[in-house]
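In what follows, a single structure is set out as structure tokens and then discussed.
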Amino acid sequence: MDPMDLLTPQEVAQAFRVDPKTVRLWAQEGRLRWVRTLGGHRRYFKSDVQRLLTEPGR
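1 is the number of the first residue of the sequence shown in full-length UniProt numbering; add one for each residue after it.
As structure tokens, this is what we get:
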């Protein structure tokens, strides 16, 4: 997995213009996949973010 293919919660929130808490909620709902870094931080898959950004009715 290339680290460039992962985004921080803040980066995802900025892309959607929402609060980072909303990003966590979307992950809990299964709308976004995530992995935990060695330091314990969440990172989201850029491909999921791009898919949601282009979804009709977003």
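Where is the CB? At the ideal position from N, CA and C, for every residue including glycine. Here the structure is a predicted model, which means the values were calculated and not measured.
6 Å Cβ shell around residue i - same chain, five flanking residues per side excluded
i, result
"phenylalanine 45", "Arg33"
"residue 79", "Any question about residue 79 goes unanswered here, given that the chain covers just 1 to 58."
"leucine 6", "Arg43"
Beta-carbon separation (whole angstroms), residue i vs residue j, contact threshold 8 Å
i, j, result
"threonine 8", "arginine 43", "7 Å"
"proline 20", "glutamine 28", "At roughly 13 Å, the Cβ-Cβ gap does not stay under 8 Å, so proline 20 and glutamine 28 are not in contact."
Residues near residue i in its chain [Cβ-Cβ closer than 7 Å; skip 5 each side]
i, result
"alanine 15", "Val49 and Leu53"
"arginine 36", "Arg42"
"arginine 17", "none"
"methionine 4", "none"
Outcome for residue i when other beta-carbon atoms lying within 10 angstroms are tallied against a minimum of 16
i, result
"valine 23", "buried"
"valine 12", "buried"
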